[in-house]
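Each step along the sequence shown adds one to the number in this note's numbering, with nothing skipped, and position 80 is 245. Every residue, glycine too, gets a C-beta built ideally from N, C-alpha and C.
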Amino acid sequence: MLRGLFGGNIDPMQLMVQMLYFIPIALITMVVHECSHGYIAYKLGDPTAKMMGRLTPNPLKHLDPIGFIMMIVVGFGWAKPVPINPRYFKNPKKGMAISAIAGPASNIIMAIVGVIIVDILFVLANIFRWTNSNAIAVSAVTFFSYFAQLNVFFAVFNLIPVPPLDGSRIVNYFLSQRASYYYAYIERYGFIVMALLLFTGILSWPLQFISNGILNGIYFVIDKIFSLFGG
């Protein structure tokens, strides 16, 4: 999956170099994603994440060792979920849905920031006549390009409506009480379902297609905005 995410067939040395970018990007992505869940839940009345010290940028508080190793090795992993208690919400289903969408929304915002930084770097490259021999500039462009790419992918992945992914919490908001009961029952098998879908490659093309479409759309809009200002 990482090969697909970072651009097709690459040799082992290139893969190792890309992993040096991937690890810090994955840490930032997961930390902000989980903190966003907890912060929005806190604003909606649930203090659980705050009381447990999970509203923190410290990656060790959010890192699931096995999930992170899986993400590095096979491109499918997970962070330690932020605890959310729906009993604190005035409307539990709505509160869970809003808290759930906060994670993918934060990833899209980070992707937009990444694209803006890439465009700024290209503007600076034109101003200061940077070339491909400028290792710092090239590394910065590569880092933030991957940063935007991974965040879009992470957002799309988490919106898959299979429990316990964020998409399932959003879908659950629109279900009847009876349907919600049976939908929640699927959660105990969610990991198995996701593992089968990912390892068989069934999700690879749809995830890549949707992620690329969103990322290209972000680049298009940001590039147009920069062009208006002569960038």
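Original post:
What whole-angstrom Cβ distance do D475 and A265 have, given they're in contact under 8 Å?
Top reply: There is simply no residue 475 to check, as the chain begins at 166 and stops at 396 in what is shown.
Original post:
Is the region 278-287 in contact with the region 209-227, if contact means three or more CB pairs nearer than 8 Å?
Top reply: Judged by Cβ distances under 8 Å, the region 278-287 makes no contact with the region 209-227, as fewer than three pairs qualify.
Original post:
For the region 313-326 against the region 188-198, are there 3 or more C-beta pairs whose distance is under 8 Å?
Top reply: Yes: at least three Cβ pairs fall under 8 Å.
**OP:** List the endpoints of the continuous alpha helix (DSSP H) containing I273.
**Re:** According to the DSSP assignment, I273 belongs to the alpha helix (DSSP H) that extends over P257 to F293.
Original post:
Hey, how far is the Cα of S369 from the Cα of L209?
Top reply: Between the alpha carbons of S369 and L209 lies a distance of about 35 Å.
Subject >> For A244, three-class secondary structure by DSSP >> reply: In this structure, A244 counts as coil in the three-state DSSP scheme.
**OP:** Measure the C-alpha to C-alpha separation of F308 and V278 and round it to an integer number of angstroms.
**Re:** When only Cα atoms are considered, F308 and V278 end up about 12 Å apart.
**OP:** Would you mind stating whether I205 and I273 have Cβ atoms separated by less than 9 Å?
**Re:** Taking 9 Å as the cut-off, the Cβ atoms of I205 and I273 do not count as close.
Subject >> Own chain residues within Cβ distance below 8 Å of I263, not counting five before or after >> reply: Closer than 8 Å at Cβ, skipping near neighbours: I205 and L209.
Subject >> Span of the alpha helix (DSSP H), counted from its first residue to its last, around M181 >> reply: Residues P177 to K208.
**OP:** Could you spell out the range, first to last residue, of the alpha helix (DSSP H) harbouring T213?
**Re:** Where T213 is concerned, the enclosing alpha helix (DSSP H) stretches over T213 to M216.
Original post:
By a C-beta neighbour count over all protein chains shown, 10 Å radius and 16 as the cutoff for buried, is S310 buried or exposed?
Top reply: With 16 or more other Cβ atoms within 10 Å, it is buried.
Original post:
Of the residues V247, V306 and I231, which one's Cα is nearest the Cα of Q183?
Top reply: When only C-alpha atoms are compared, the closest one is V306.
Original post:
Can you check whether the CB of N323 is closer than 9 Å to the CB of P371?
Top reply: No, these two residues do not count as a Cβ contact at 9 Å.
**OP:** For A300, count neighbouring Cβ atoms within 10 angstroms of its own Cβ and tell me buried if that reaches 16, exposed if not.
**Re:** Exposed is the call here.
**OP:** Write down the C-beta distance between Y347 and K259 rounded to the nearest angstrom, noting that I regard them as a contact closer than 8 Å.
**Re:** Actually they are not in contact, since the Cβ atoms of Y347 and K259 sit about 20 Å apart, beyond 8 Å.
**OP:** Please confirm if the region 221-235 is in contact with the region 354-365, defined as three or more CB-CB distances below 8 Å between the two stretches.
**Re:** As far as the Cβ criterion goes, the region 221-235 does not touch the region 354-365, which means the pair count is below three.
Subject >> Coarse secondary structure for F309, derived from DSSP in three states >> reply: In the three-state scheme derived from DSSP, where H, G and I count as helix and E and B as strand, F309 is classed as helix.
Subject >> Collapsed DSSP secondary structure at D229 in the structure displayed >> reply: D229: coil per DSSP, three-state reduction.
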